[in-house]
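Reading through the structure tokens given below for one structure.
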Amino acid sequence: MHAQHQPFTIDEVEVPEPGPTDVLVRVGACGIVPNLGNVLNFLPEWWPHLTFPPLPAVFGLDVAGEIVGKGNRVHGLEVGQRVYVNPGRQCGGCFACRTGDPQHCPAYTFNGYFGFGAGSAQIFADYPYGGMCEYMTAPQSSMVTIPDNLSFESAARFGYLGTAYRALRMAGADANSVVVVNGASGTLGVCIVLLAKAFGVRKILGVARNKEQLEKVRAIDPQRIEVLSTNDSAKVAQWIIDSTSGRGADIVVDALQSGSPAEPLLESFEGLARGGRHVPLGGVLGPLPINLNVLMSNDRRIIGSLWFDVADGQAMASMVESGTLDLSCLEHEVFDLEDVNSALALFENRNGGFSNYVITP
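Count the sequence shown with our numbering and you get residues 3 to 363, in order.
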């Protein structure tokens, strides 16, 4: 990307050399974030507090590929290994990093996308390559090794899957849980449903608008999944309560699309049981009118959850290897690197959250 509001271009640059603790990855597939073009064109104005790489920049968030080179201080990783590259980057030396809490690093950065603090500028200088390229360098600490039964295309969905995994883990999802997925048919929503199923929760309640896509969601596990279309004018909170014999849901994970109003989130929040947990992952922006006394009296919790770490990614890779996490429902839409602008334009008509758009160089 050379300038905002302009198409991406293909440039030829030298293959980068990995640093002493870095690996060189040949990109097999790079997942495309929905509305990436719009996000990159407008996000600097929408969220001026974020840090963006200097232009021209190579973007691309979710990368899977093969290690083809490594620095002389890389241990435990070998050339030829298949990997997912977690784009979460941290400085490694601050208090948060030293205490094992990298997501709270002031320089925390999504490589190939944007950063959360002023220190992200140095991260972008150290690792200037996102995934929409043929080769990229990345720190050895960001590698998730992936099994042979996980394709590069499916692994390129790990960003959404990992976001779902961490949210469910932080909310304490287990075999006793009833989980509501608000926005269940979207890109993130489908991933939450797949992970909730893999976690072994006893019931999944999916809420969205599109009835056809919701039926595809229900087909993932008809014995455990029930769905509701908001186009039916049903009261979401009452449906949740009725579907749980009056108790309410243990967990609500919000995956509403960017720019959604607050009302759908608040409706699902009202369906929480006593002691229930709400995890907002979606695109609702701005303040929410929540009665804190009701929150306290019902011992409910709102949990923020940002991305996921390498340990979470490695756990998901093991779940795929064992068959616990089944990604066969994903419908891969594969584009050559030269066709990136066409791929971004097609997102307006994507087939719900089952479509998996990837770039392959």
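Virtual Cβ for every residue (Gly too), placed ideally from N, Cα, C. The structure displayed is predicted, hence computed values, not measured ones.
Taken through DSSP and simplified to helix, strand or coil, Leu339 comes out as helix.
Runs of the beta strand (DSSP E) lying entirely within the segment 266-340, each at least 3 residues long, are 274-282, 333-338 in chain order. Around the beta carbon of Lys213, fewer than 16 other beta carbons lie within 10 angstroms, which makes this residue exposed.
Taken in chain order, the complete alpha helix (DSSP H) segments of 4 residues or longer contained in the segment 218-256 are 238-245.
If you draw a straight line from the Cα of Ser122 to the Cα of Ser143, it is about 17 Å long. DSSP lists Val25 as the bridge partner or partners of Lys72. Val312 is positioned such that its CB atom lies closer than 8 Å to that of Val146. Annotation for Val195: the continuous alpha helix (DSSP H) segment containing it runs 189-201. Note on Asp150: under 16 other CB atoms within 10 angstroms of its CB, so exposed under the neighbour-count rule.
For Ile361, the enclosing beta strand (DSSP E) covers residues 357-362. Non-local beta-carbon contacts of Cys107 in its own chain, meaning distances under 7 Å to residues more than five positions away in sequence, involve Gln92, Cys93, Cys96, Ala98, Cys99 in chain order. In the structure shown, the three-state DSSP call for Arg100 is helix. Where Arg84 is concerned, the enclosing beta strand (DSSP E) starts and stops at 84-87. In this chain, the beta strand (DSSP E) harbouring Tyr137 covers 137-141. Residue pairing by DSSP puts Asn184 in a beta bridge opposite Val209, Asp256.
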